[in-house]
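Here the structure comes first, spelled out in structure tokens, and everything after it is commentary.
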Amino acid sequence: MTTLTAPAATPAAKALPTLFPTLPAKPARGAADDLALRVDAFRRLCADGVGTWVHLPGDAGYDTARTPWNLTDQRPAAVAVPRDADEVGLVVSAAAAAGLRVAPQSTGHNAGPLAASGLADVVLVRTTALQEVVVDPGRRRARVGGGVEWQAVVEAAAPHGLACLHGSSPNVGVAGYSLGGGIGWYARQLGLATSHLTAVEVVLADGRIVTADAEHHAELFWAVRGGGGNFGVVTALELELFAIPTAYAGMMIFDAGRTREVLTRWSAWAVDAPDEVTTSFRVLHLPPLPELPPFLSGRSVVIVDGAVLADDARAAEVLAPLRDLQPEVDTFGRVPAAALTRLHMDPEDGMPVASDSLMLASLPAEAVEVVTRAATQPGSALMMVELRQLGGALGRHHPGGGAVDRFDGQFLAFAGGLALDAAMGMATQAEALALTGALAPWASGSAYLNFVETEGDASGAFTDATWERLRAVRSVVDPDGLFLANHVVPRLGEGGSTEC
């Protein structure tokens with residue numbers, strides 16, 4: 009059985025001269041007029057990979073390789089799609105030698121901030137080819153490559169009666185989701201996904217491959233669990249699995265005309281609900297599509313969906329206050345745990361979106377009115393307004409947790425819609441920002457960076473002490489500022505911008 013252990017660091021960088029042509033001393037990162045020279049240096053260093061797993065502007069594979077799930081127009085100096093950790097180490101070393109930066113990315117569901125930061129001198133390292141999934145049912149562990157999507161892990165674990173802390177979509181990447189926190193259908197019972205990582209394999213700025221866990225490179229292990237790609241390229245993760253073969257899960261559907269009534273009941277119930285239930289509230293404006301059921305096609309509806317980790321009788325008792333509202337449709341019942349990846353009906357095909365989010369300390373009647381008005385406004389550009397139920401284990405510190413191990417809030421608000429062109433994107437973004445701005449009086453002061461699609465200061469997602477500790481770790485493991493993450497943790501002595 010292959011498991012993540014803590015081997016001696018692999019000096020992948022030392023293999024560079026034997027595999028790639030030797031160049032003069034590394035050019036300094038400087039003004040744009042020497043960018044072409046730096047990109048050319050990188051091309052020559054990666055000559056054996058160009059056209060196969062390394063793509064530069066003008067190459068046949070460049071446009072496909074640079075396109076993330078949310079279709080953000082990111083235009084890096086080069087894109088690398090390495091096939092194993094050694095190739096990640098080689099491309100990181102080549103970028104450093106050429107005076108370019110490195111941005112790790114898996115599926116690109118949270119690509120907006122990275123694209124906005126400017127990628128002209130950046131090598132985008134897509135980990136999508138790292139597709140290893142190995143389940144050890146005896147240890148209840150899975151080793152997962154840095155490019156694996158959640159559905160693959162769910163399907164590998166299910167035959168053993170095991171489940172993982174996946175999110176609401178089957179094709180979100182395990183790495184980005186988990187390193188940023190990770191809120192799933194079992195979150196109020198078990199906490200954030202990042203708190204249940206047991207090891208990560210990381211390529212560092214000097215090209216070395218190290219495995220970080222609680223006993224080896226412990227500060228790095230702490231930092232990546234919440235600090236994401238600021239410290240290196242994560243090429244594999246080891247995560248806990250749980251003996252959850254089934255769950256009591258489903259959705260209740262109401263007409264959008266009942267938004268205020270349902271939200272009032274759900275929000276009051278959610279605060280006092282037991283830890284074994286995790287739900288979300290959404291107002292969805294569905295287009296008239298033939299693939300949708302007739303009772304949903306072209307309608308605006310309220311959906312409360314979620315899962316209860318309890319037997320049927322206990323689950324029915326927990327959900328009774330919501331069922332008393334007599335939904336049009338109620339699908340809650342006993343289902344295989346593997347079915348929960350598609351419960352939320354998240355879109356699986358890539359699409360351009362604009363959105364904003366806000367963590368809320370409470371949702372009083374005034375806040376319910378704000379959400380109701382925004383969610384039911386005729387002609388709104390917002391396709392969805394959502395509130396996720398927090399609390400429970402999400403509000404408690406996890407022993408041995410990382411930089412993010414709890415949320416200071418009761419609800420997580422999210423609003424979004426399509427951005428098929430610039431005008432639509434601006435309109436959608438404006439409405440999303442208007443909603444979160446109107447909800448600001450009830451903000452908790454924290455943030456969930458996996459739901460932040462705009463560039464900005466990431467420090468608000470952490471306590472002051474955690475933020476300074478993250479900066480200190482980055483100063484040690486990435487002293488030259490090689491890595492560019494979608495949410496930047498600056499080194500000590502460096503400003504909060506994305507310039508490294």
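According to the working numbering, the sequence shown is numbered sequentially starting from 9.
Glycine included, each C-beta is placed from N, C-alpha and C at the ideal position.
Pairwise C-alpha distance: Phe-470 and Gly-189: Near 12 Å, if we compare the C-alpha coordinates of Phe-470 and Gly-189.
Closest by C-alpha distance to Gly-489, when choosing among Ala-440, Gly-107, His-405, Arg-83: It is Gly-107 whose Cα lies nearest to the Cα of Gly-489.
Span of the alpha helix (DSSP H), counted from its first residue to its last, around Met-434: Element bounds for Met-434: 430-446.
CA nearest to the CA of Pro-360, picked from His-405, Met-434, Asp-92: Ranking His-405, Met-434, Asp-92 by Cα distance to Pro-360 puts Met-434 first.
Three-way DSSP call (helix, strand, coil) for Leu-245 in this model: DSSP places Leu-245 in strand when its eight states are reduced to three.
Neighbourhood of Thr-30 by C-beta distance below 6 Å, restricted to the same chain and skipping five residues each side: Residue placement at Thr-30 cannot be trusted, given a pLDDT of 34 that sits under 50; the coordinates are not used to answer.
Of the listed residues Ala-345, Ala-183, Thr-254, nearest to Arg-134 (C-alpha basis): Comparing Cα positions, the closest option is Ala-183.
Within 7 Å, strictly: CB atoms of Ala-85 and Val-47: With contacts defined by Cβ atoms closer than 7 Å, Ala-85 and Val-47 form a contacting pair.
Backbone CA spacing between Phe-289 and Gln-397 [nearest angstrom]: Each residue's CA atom was taken as its position, placing Phe-289 and Gln-397 some 8 Å apart.
Gly-126 and Leu-138 closer than 7 Å at C-beta: Cβ atoms of Gly-126 and Leu-138: not closer than 7 Å.
Cβ separation of Tyr-256 and Gly-341, assumed to be a contact under 8 Å, to the nearest whole Å: Indeed, because the Cβ distance is near 7 Å, the residues count as touching under 8 Å.
Euclidean distance between Cα positions of Gly-408 and Pro-355: Cα atoms of Gly-408 and Pro-355: separation of roughly 34 Å, rounded to the nearest angstrom.
Local Cβ density within 10 Å of Ser-305, reported as buried at 16 or more and exposed below that: It is exposed - the Cβ of Ser-305 has fewer than 16 other Cβ atoms within 10 Å.
Span separating the alpha-carbon of Phe-459 from that of Trp-61: If I take the Cα positions, the gap works out to 30 Å.
C-beta atoms of Val-180 and Val-208 nearer than 7 Å: No; because the gap between Cβ atoms is not below 7 Å, this pair is not in contact.
Contact belief for Tyr-185 with Ile-252 at Cβ below 8 Å, rounded distance in angstroms: No, Tyr-185 and Ile-252 are not in contact; Cβ-Cβ is about 18 Å, not under 8 Å.
Nearest residue (CA-CA) to Leu-390, options Leu-98, Leu-348, Ser-363: Nearest option by C-alpha distance: Ser-363.
CB of Gly-97 within 7 Å of CB of Val-497, strictly: No, the pair does not count as a contact, with Cβ atoms beyond the cut-off.
Buried or exposed (CB count within 10 angstroms, at least 16 for buried), Gly-314: Buried.
Cα-Cα separation between Thr-286 and Val-89, rounded to whole angstroms: If you draw a straight line from the Cα of Thr-286 to the Cα of Val-89, it is about 36 Å long.
Within the region 118-185, ranges of the alpha helix (DSSP H) (whole runs, at least 4 residues): Counting whole runs of 4 or more residues, the region 118-185 contains the alpha helix (DSSP H) stretches 120-124, 158-165.
Beta-carbon proximity list for Pro-352, same chain, < 8 Å, skipping 5 on both sides: Here the sequence assigns His to residue 352, which means Pro is not the residue at that position. Closer than 8 Å at the Cβ level, and outside the excluded window around His-352, lie Ser-176, Ser-177, Ser-288, Asp-313.
C-alpha gap between Leu-402 and Phe-239, whole angstroms: A direct Cα-to-Cα measurement between Leu-402 and Phe-239 gives close to 25 Å.
DSSP-derived helix/strand/coil call for Phe-229: It is helical.
Beta strand (DSSP E) segment containing Leu-510, residue limits: Residue 510 lies beyond the residue range present for the chain, which begins at 9 and ends at 508; the question has no answer from this structure.
Opening and closing residue of the beta strand (DSSP E) in which Gln-113 lies: Per DSSP, the unbroken beta strand (DSSP E) holding Gln-113 starts and ends at 109-113.
Coil, strand or helix - Pro-449 by DSSP: Residue state, collapsed to three classes: helix.
Alpha carbon of Ala-324 to alpha carbon of Asp-332, nearest angstrom: One C-alpha to the other measures close to 11 Å.
Nearest-angstrom Cα separation, counted from Thr-380 out to Pro-65: Between Pro-65 and Thr-380, the C-alpha separation is close to 46 Å.
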